[in-house]
Amino acid sequence: NGVGERMVSCSDDHTLFLWKPAESNKPVARLVGHQGVVCYVSFSPDGKTIASASFDKSVKLWSSTDGKFIANLRGHVAAVYHVAWSIDSRQILSSSKDTTLKLWSMKTKKLINDLPGHADEVYACDWSPDGISACSGSKDKTVRIWRH
7 NGVGERMVSC
17 SDDHTLFLWK
27 PAESNKPVAR
37 LVGHQGVVCY
47 VSFSPDGKTI
57 ASASFDKSVK
67 LWSSTDGKFI
77 ANLRGHVAAV
87 YHVAWSIDSR
97 QILSSSKDTT
107 LKLWSMKTKK
117 LINDLPGHAD
127 EVYACDWSPD
137 GISACSGSKD
147 KTVRIWRH
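Going by our numbering, the sequence shown opens with residue 7, and the numbers climb by one from there.
Below, the structure written as structure tokens:
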């Protein structure tokens with residue numbers, strides 16, 4: 007796609023850095039806006055967007071080319087630990103300390119579905135390769151399968 011290799015890092019200082027390691031050892035952009043530790047970051051499968059999960063209870067979206075802020079996904083009532091992109095980059099699943107997962111539309115930047123069911127913090131989530139189901143792992147010592 008002509009963009010070249012990119013890398014993104016996140017930190018407990020509430021920031022992210024976008025890098026182009028083949029071009030420079032200095033970051034392309036410093037991404038600011040989170041009000042808490044940024045604990046997870048992920049490129050969309052189409053390479054266009056970065057999603058970040060934070061202890062500030064939000065997921066933020068950023069342009070992967072220049073690091074510009076796109077949107078704030080709010081709905082969790084506690085720290086967000088993990089995000090997972092659908093294979094077509096049209097949805098994001100987020101998992102949280104608040105015991106829920108949330109499914110977000112990238113078209114509208116709005117909540118599609120709230121997924122309660124765990125009895126404790128949800129540390130991880132991911133999609134199946136076919137995009138039909140997702141799974142989550144929780145401090146409640148269970149793994150759940152969610153059908154789309």
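The beta carbon of each residue, even a glycine, is placed where N, CA and C say it ideally should be.
None of these values were measured; they are calculated from a predicted model.
*C-alpha gap between Leu22 and Ala140, whole angstroms*: 27 Å
*asked:* Between Leu121, Arg153, His82, Ser58, which has its C-alpha nearest Pro135's C-alpha?
replied: Arg153
*Within the chosen definition, does the stretch 91-100 reach the stretch 70-77 through at least 3 CB pairs nearer than 8 Å?*
no
_Where the beta strand (DSSP E) containing Ser4 begins and where it ends_ = This structure leaves residue 4 out entirely; the chain is present only between 7 and 154.
*When the Cα atoms are used, what is the spatial distance from Arg150 to Glu29?*
42 Å
_According to DSSP, residues forming a beta bridge with His82_ = Note: His82 sits in no beta bridge, so no partner.
*Near Lys52, which residues of its chain fall below 7 Å by C-beta distance, leaving aside the five closest residues on each side in sequence?*
Contrary to the premise, residue 52 reads as Asp rather than Lys in this sequence. Counting only Cβ-Cβ distances below 7 Å, and skipping sequence neighbours, we find Ser95.
*Among the residues of its own chain, which have a CB less than 6 Å from the CB of Ser15, if the five just before and after it don't count?*
Phe23
*Measure from the alpha carbon of Asp146 to the alpha carbon of each residue in Val44, Pro122, Asp132, then state which is nearest.*
Pro122
*Quick one: complete beta strand (DSSP E) runs, 3+ long, within the stretch 105-147?*
107-111, 117-121, 128-133, 139-144
_DSSP three-state assignment for His40, whether helix, strand or coil_ = coil
_Helix, strand or coil at Phe49 [DSSP, three-state]_ = strand
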